[in-house]
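Inspection log for the structure reproduced underneath, given as structure tokens.
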Amino acid sequence: MIRLNQHNSTPPVGINVMPLVDVIFILLIFFLLRSHVQQGLVLDLPAVKTSETVTQQYWMVSITAEDQLQFNGIDIEKTALKKLLLMAQKKVKSRRLIVLNMDKHATVDTLVFVMDTVRQIGLYNLVISTETAAETEVINDQ
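Residue numbering for the sequence shown follows the numbering used here, starting at 358 and increasing by one per position.
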């Protein structure tokens, strides 16, 4: 007699890696979406001969040459600055230093607005960020 249906009782040998590849791709996509890249703001800072490095915690307010504001790297409207500073101060429950990055081509009106807003909420510890004259000379030589 001839047997037509013979079944081999042993399963095929091998490891199915497709579920592992799926999980790795999902993790890769998750980490790519979770990581955020902060684009830097290009400012032409004024040059000075004396300058110090800030070592304490601070909030950063930036003014571009077009008089646009940023608070800690996030674009904001002028009207939102006071509200953001008040919220940040309540969250930290302490008075931090305010570092002002201002492009040298920005208007004095915007500088005065930021300084007035900072003082209105009771913060008086404000410094203006600059470059040292030596750094400027090196950049200009290149």
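All C-beta atoms in this analysis are idealised placements derived from N, C-alpha and C, irrespective of residue type, glycine included.
task = With a threshold of 16 other CB atoms inside 10 Å of the CB of residue 420, please say whether the residue is buried or exposed.
result = As a first step, residue 420 is located in the sequence shown; it is residue number 63 there, counting from the start. With 16 or more Cβ atoms within 10 Å of its Cβ, residue 420 is classed as buried.
message = Tell me whether the segment 422-441 and the segment 470-484 touch, counting them as touching only if at least three CB pairs, one residue from each stretch, are closer than 8 Å.
response = Using a Cβ-Cβ distance cut-off of 8 Å, the segment 422-441 and the segment 470-484 are in contact, since at least three pairs of beta carbons, one from each stretch, lie closer than that value.
ask   = Roughly how many angstroms lie between the CA atoms of residue 455 and residue 484, to the nearest whole one?
value = Here residue 455 corresponds to residue number 98 of the sequence shown, with the count starting at 1. Here residue 484 corresponds to residue number 127 of the sequence shown, with the count starting at 1. The straight-line gap from Cα to Cα measures roughly 6 Å.
request  = Kindly indicate which three-state DSSP category residue 478 falls into: helix, strand or coil?
outcome  = Numbered from 1 along the sequence shown, position 121 holds the residue referred to as residue 478. Coil, per DSSP.
inquiry  = With the cut-off set at 8 Å, would you say residue 416 and residue 463 are in Cβ contact?
reply    = As a first step, residue 416 must be located in the sequence shown, where it is residue number 59. As a first step, residue 463 must be located in the sequence shown, where it is residue number 106. Not a contact, by the Cβ cut-off of 8 Å.
query = How far does the alpha helix (DSSP H) with residue 485 in it reach, from first residue to last?
reply = Translated into the one-based positions of the sequence shown, residue 485 becomes position 128. That residue, residue 485, is in no alpha helix (DSSP H); its beta strand (DSSP E) goes 483-485.
ask   = From residue 530 to residue 424, what distance separates their C-alpha atoms?
value = No statement about residue 530 is possible, as the shown extent of the chain runs from 358 to 499 and does not include it.
task = Output the distance between the C-alpha atoms of residue 422 and residue 442, rounded to the nearest integer angstrom.
result = The residue labelled residue 422 in the question sits at position 65 within the sequence shown. The residue labelled residue 442 in the question sits at position 85 within the sequence shown. As the crow flies, the alpha-carbon of residue 422 is around 22 Å from that of residue 442.
ask   = Looking only at its own chain, which residues have a Cβ that is under 7 Å from the Cβ of residue 299, when we skip the five neighbours before and after it?
value = As displayed, the chain neither begins before 358 nor continues past 499, which places residue 299 out of reach and without an answer.
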